[in-house]
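For the record, the sequence lines run as chains S and Z.
Numbering (the working numbering) for the first sequence: 4 to 203.
Numbering (the working numbering) for the second sequence: 4 to 203.
Protein chains: 2
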Amino acid sequence: MNVAADNTGKREAILESANKVFLEVGFGAASMDVIANEAQVSKQTVYNHFGSKEELFAAMVRTSCDKMTLAFAEAAKDGNPEKTLRAIARHFMNVVFSEEKLAMHRILMAEVPRFPELGRVYYQSGPAIIRKFLADYFVEQNKRGTLKVNNPQFTAEQFISMVTCCRLRSELGVEPLPNDDEKQRYIDNAVTIIIKACRP
Amino acid sequence: MNVAADNTGKREAILESANKVFLEVGFGAASMDVIANEAQVSKQTVYNHFGSKEELFAAMVRTSCDKMTLAFAEAAKDGNPEKTLRAIARHFMNVVFSEEKLAMHRILMAEVPRFPELGRVYYQSGPAIIRKFLADYFVEQNKRGTLKVNNPQFTAEQFISMVTCCRLRSELGVEPLPNDDEKQRYIDNAVTIIIKACRP
DNA sequence: GTCTATATTTCGATAGAC
DNA sequence: GTCTATCGAAATATAGAC
Numbered sequence: 004m005n006v007a008a009d010n011t012g013k014r015e016a017i018l019e020s021a022n023k024v025f026l027e028v029g030f031g032a033a034s035m036d037v038i039a040n041e042a043q044v045s046k047q048t049v050y051n052h053f054g055s056k057e058e059l060f061a062a063m064v065r066t067s068c069d070k071m072t073l074a075f076a077e078a079a080k081d082g083n084p085e086k087t088l089r090a091i092a093r094h095f096m097n098v099v100f101s102e103e104k105l106a107m108h109r110i111l112m113a114e115v116p117r118f119p120e121l122g123r124v125y126y127q128s129g130p131a132i133i134r135k136f137l138a139d140y141f142v143e144q145n146k147r148g149t150l151k152v153n154n155p156q157f158t159a160e161q162f163i164s165m166v167t168c169c170r171l172r173s174e175l176g177v178e179p180l181p182n183d184d185e186k187q188r189y190i191d192n193a194v195t196i197i198i199k200a201c202r203p
Numbered sequence: 004m005n006v007a008a009d010n011t012g013k014r015e016a017i018l019e020s021a022n023k024v025f026l027e028v029g030f031g032a033a034s035m036d037v038i039a040n041e042a043q044v045s046k047q048t049v050y051n052h053f054g055s056k057e058e059l060f061a062a063m064v065r066t067s068c069d070k071m072t073l074a075f076a077e078a079a080k081d082g083n084p085e086k087t088l089r090a091i092a093r094h095f096m097n098v099v100f101s102e103e104k105l106a107m108h109r110i111l112m113a114e115v116p117r118f119p120e121l122g123r124v125y126y127q128s129g130p131a132i133i134r135k136f137l138a139d140y141f142v143e144q145n146k147r148g149t150l151k152v153n154n155p156q157f158t159a160e161q162f163i164s165m166v167t168c169c170r171l172r173s174e175l176g177v178e179p180l181p182n183d184d185e186k187q188r189y190i191d192n193a194v195t196i197i198i199k200a201c202r203p
């Protein structure tokens with residue numbers, strides 16, 4: 004129950020409620036009445052703060068993206084490349100494999116044709132960050148001679164994709180989110196492949 | 004324009020129209036009126052053939068999946084592992100990277116909570132087929148000694164994921180579908196990594 | 001700014017003639 | 001089986017009092 008303690012907190016309450024309802028039932032099936040009730044606020048108040056359902060949805064997504072600030076730097080602090088790749092992969096998986104991220108991903112993809120800029124915002128605030136971080140890491144290791152990565156950009160993206168490949172099945176409802184053991188197996192295999200392929 | 008030449012073709016016309024409209028605007032935003040108009044059929048005729056919007060959607064997805072029969076066997080007919088991996092990857096990419104598949108993927112993921120079995124049908128009729136095919140191929144090469152793949156199942160899935168990793172950006176509208184050159188670069192890098200990592 | 005009550009539209013589904 | 005016409009529900013958005 005997102006109770007609005009006072010007037011100043013109602014905007015936040017509405018955003019929280021919108022986050023919950025949109026992620027639960029999707030954009031189309033979500034109704035402004037339900038969102039208002041959940042926030043313990045009248046519907047008109049919702050319309051005062053956000054002019055329309057579309058604007059509310061966009062504001063909700065942006066707010067969620069802002070919270071997705073990831074601290075990868077500490078994960079790659081020291082250690083050999085194998086340990087570092089493991090740490091980065093594990094960090095990313097723990098962020099990505101949650102019911103909330105899954106729902107957000109699903110709904111965003113469905114609504115990209117209607118909200119073209121939101122997909123870009125989401126990508127830039129999430130996948131793009133780790134991709135760049137990892138590519139820079141590969142470049143650095145190339146200089147040090149600890150790895151030999153021919154295409155840092157491609158390899159970074161493909162490494163991330165290897166680690167998260169089972170997300171497709173979760174998204175399609177084929178199986179639930181992976182547990183820690185399953186995550187570890189994907190990490191092990193991916194790291195082993197990259198380390199072998201990029202031995203200097 | 005999906006014209007129904009005679010009575011016998013109306014069911015197909017409705018399915019074609021449903022395919023077009025659902026993929027264009029999604030399940031929620033698609034209206035039965037528009038689908039009926041597009042098929043040049045009255046709305047009641049749609050309800051006579053398919054009892055509800057949900058049933059029509061499910062029938063549309065199943066029909067589309069049935070057409071997705073892939074002939075990978077010929078792609079892997081002969082040649083060394085490198086050539087074979089390239090052929091399989093290219094074949095799969097050409098199937099996956101089309102506007103229609105992209106739209107289908109997007110909408111299915113959004114509607115999985117509402118239609119749990121459709122996600123499974125879709126996965127089994129598409130990604131699962133190539134995954135198994137590739138895993139079997141790795142097992143076979145292990146026996147022959149031409150490759151050394153420790154985890155055929157994982158590696159098959161991760162190889163496919165490496166090749167199609169840029170689909171995320173297309174799905175999120177960050178950039179358009181890759182052209183042939185771009186596809187080739189993803190294939191080159193992925194095949195190189197696997198060949199190096201799995202040298203016997 | 002916030003609430004209650006209402007206007008208006010849209011859409012899924014149906015009734016009844018042919 | 002197919003069509004035209006319509007019902008009924010739901011939901012977006014607004015009007016007007018406090």
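Glycine residues also receive a C-beta, built at the ideal position from the N, C-alpha and C atoms.
These numbers were taken from a predicted model, which means no experiment stands behind them.
*Any C-beta of chain S sitting closer than 9 Å to the C-beta of C68 of chain Z?*
Interface criterion not met: the Cβ of C68 of chain Z is under 9 Å from no Cβ in chain S.
*asked:* Going by C-alpha to C-alpha distance, which of S:L59, S:L105, S:V44 sits closest to P181 of chain S?
replied: Among S:L59, S:L105, S:V44, the Cα nearest to that of P181 of chain S belongs to S:L105.
*asked:* Once the 5 residues before and after A62 of chain Z are set aside, which same chain residues still bring their CB inside 8 Å of it?
replied: So the qualifying residues of the chain are L18, A21, F53.
*Test: K23 of chain Z CB closer than 9 Å to a CB of chain S*: Answer no: the Cβ-Cβ gap between K23 of chain Z and chain S never drops below 9 Å.
*Report all residues from its chain with a CB closer than 7 Å to the CB of R109 of chain S; omit the five preceding and five following residues, and keep chain order.*
Non-local C-beta neighbours of R109 of chain S in its own chain, meaning closer than 7 Å and more than five positions away in sequence, comprise E174, ordered along the chain.
*P203 of chain Z to F100 of chain Z, Cα distance in whole Å?*
Cα to Cα, the separation comes out at about 33 Å.
*Enumerate, from N- to C-terminal direction, the unbroken alpha helix (DSSP H) stretches of 4 or more residues contained entirely within the segment 83 to 161 of chain S.*
Taking 4 residues as the shortest admissible run, the segment 83 to 161 of chain S contains the following complete alpha helix (DSSP H) segments, listed from N- to C-terminal end: 84 to 99, 102 to 114, 119 to 128, 130 to 147.
*Might you give, ordered along the chain, the residues of its own chain that have their beta carbon closer than 7 Å to the beta carbon of T66 of chain S, omitting 5 neighbours on each side?*
Hits under 7 Å: L18.
*asked:* Taking contact to mean 3 or more Cβ pairs, one atom from each stretch, closer than 8 Å, check whether the segment 153 to 161 of chain S and the segment 122 to 138 of chain S are in contact.
replied: Yes, since at least three Cβ pairs between the segment 153 to 161 of chain S and the segment 122 to 138 of chain S fall closer than 8 Å, the two stretches touch.
_For C68 of chain Z and V124 of chain Z, what's the separation of their Cα atoms in angstroms?_
Answer to the nearest angstrom: the Cα atoms are 8 Å apart.
*Where are the alpha helix (DSSP H) runs, 4 residues long or more, that stay fully inside the segment 37 to 82 of chain S, in chain order?*
With a minimum length of 4 residues, the continuous alpha helix (DSSP H) runs that stay inside the segment 37 to 82 of chain S are 46 to 52, 56 to 69.
*asked:* Any beta carbon of chain S sitting closer than 9 Å to that of M165 of chain Z?
replied: Yes, M165 of chain Z counts as interfacial toward chain S.
*Can the beta-carbon of P155 of chain S be found closer than 9 Å to that of V142 of chain S?*
Judged by their CB atoms, P155 of chain S and V142 of chain S are nearer to each other than the 9 Å cut-off.
*Where K3 of chain Z and A39 of chain S are concerned, what is the direct C-alpha to C-alpha distance, given to the nearest angstrom?*
No answer is possible for residue 3 of chain Z: the residues shown for chain Z start at 4 and end at 203.
*Using a C-beta cutoff of 9 Å, does H52 of chain S count as contacting chain Z?*
No Cβ of chain Z is located within less than 9 Å of the beta carbon of H52 of chain S.
*Between the Cα of E103 of chain Z and the Cα atoms of Z:H94, Z:A200, Z:V28, which residue gives the shortest distance?*
Looking from the CA of E103 of chain Z, the closest CA among Z:H94, Z:A200, Z:V28 belongs to Z:V28.
*Consider the Cβ of N192 of chain Z: report whether some Cβ of chain S lies at a distance smaller than 9 Å.*
Taking Cβ atoms only, chain S reaches closer than 9 Å to N192 of chain Z, which makes this a yes.
*For the alpha helix (DSSP H) that contains L26 of chain S, what are its first and last residues?*
Unbroken alpha helix (DSSP H) run through L26 of chain S: 13 to 32.
*Taking Cβ positions only, does Y125 of chain Z come closer than 9 Å to chain S?*
Nearest CB-CB separation between Y125 of chain Z and chain S: below the 9 Å threshold.
*With contact counted as at least three CB pairs below 8 Å, one residue from each stretch, are the segment 188 to 197 of chain Z and the segment 183 to 203 of chain S in contact?*
Between the segment 188 to 197 of chain Z and the segment 183 to 203 of chain S there are three or more inter-stretch CB-CB distances shorter than 8 Å, so the stretches are counted as touching.
_Under 7 Å from the C-beta of C172 of chain Z: neighbouring residues of chain S_ = Before going on, a small fix: residue 172 of chain Z reads as Arg here, not Cys. Ordered by position in chain S, the residues that pass the 7 Å Cβ test against R172 of chain Z are Y126.
*Taking 9 Å as the cut-off, decide whether the C-beta atoms of F60 of chain Z and E114 of chain Z are in contact.*
Less than 9 Å separates the beta-carbon of F60 of chain Z from that of E114 of chain Z.
*Can you list, in chain order, the residues of the segment 145 to 166 of chain Z whose Cβ is nearer than 9 Å to any Cβ on chain S?*
Here the close residues are N153, N154, F157, T158, E160, Q161, F162, I163, S164, M165, V166.
*Return the CA-CA distance between V152 of chain Z and M71 of chain S, expressed in angstroms with no decimal places.*
Each residue's Cα considered, the two are about 36 Å apart.
_A76 of chain S classed as buried or exposed, judged by whether at least 16 other C-beta atoms fall within 10 angstroms_ = Per the 10 Å Cβ criterion, exposed.
*asked:* Please list, in chain order, the chain S residues whose beta carbon lies closer than 8 Å to that of K104 of chain Z.
replied: The contacting residues do not exist; K104 of chain Z stays about 13 Å from chain S at best.
_Considering only their Cβ atoms, is the gap separating V24 of chain S from V212 of chain S smaller than 9 Å?_
Lying before the first or after the last residue shown, residue 212 of chain S is absent from chain S, which here runs from 4 to 203.
*Could you check what DSSP says for R188 of chain S in three-state terms: helix, strand or coil?*
Of the three classes helix, strand and coil, the one that applies to R188 of chain S here is helix, per DSSP.
*Can a CB atom of chain Z be found closer than 9 Å to the CB of A200 of chain S?*
Yes, contact with chain Z.
*By Cβ distance below 8 Å, which residues in the same chain neighbour I85 of chain S in space, the five residues on each side in sequence not counted?*
One point to set straight first is that residue 85 of chain S is Glu, not Ile, in the sequence displayed. For E85 of chain S, where only same-chain residues beyond five positions count, the Cβ hits under 8 Å are V194, I198.
_DSSP three-state label for R202 of chain S, please._
Of the three classes helix, strand and coil, the one that applies to R202 of chain S here is coil, per DSSP.
*Quick one: residues in its chain with C-beta nearer than 6 Å to the C-beta of V6 of chain S, no 5 flanking neighbours on either side, listed in chain order?*
Because the pLDDT of V6 of chain S is 41, which lies under 50, any placement of that residue in the model is unreliable, and the question is left without a value.
*Based on Cα-Cα distance, which residue from Z:N97, Z:N51, Z:C169 lies nearest to P179 of chain Z?*
The residue with the shortest Cα to Cα distance from P179 of chain Z is Z:C169.
*Please check if any C-beta of chain S sits within less than 9 Å of the C-beta of Y140 of chain Z.*
No - not a single Cβ of chain S is within 9 Å of the one on Y140 of chain Z.
_If we define contact as Cβ-Cβ less than 9 Å, is L175 of chain Z a contact residue for chain S?_
With its beta carbon less than 9 Å from one in chain S, L175 of chain Z belongs to the interface.
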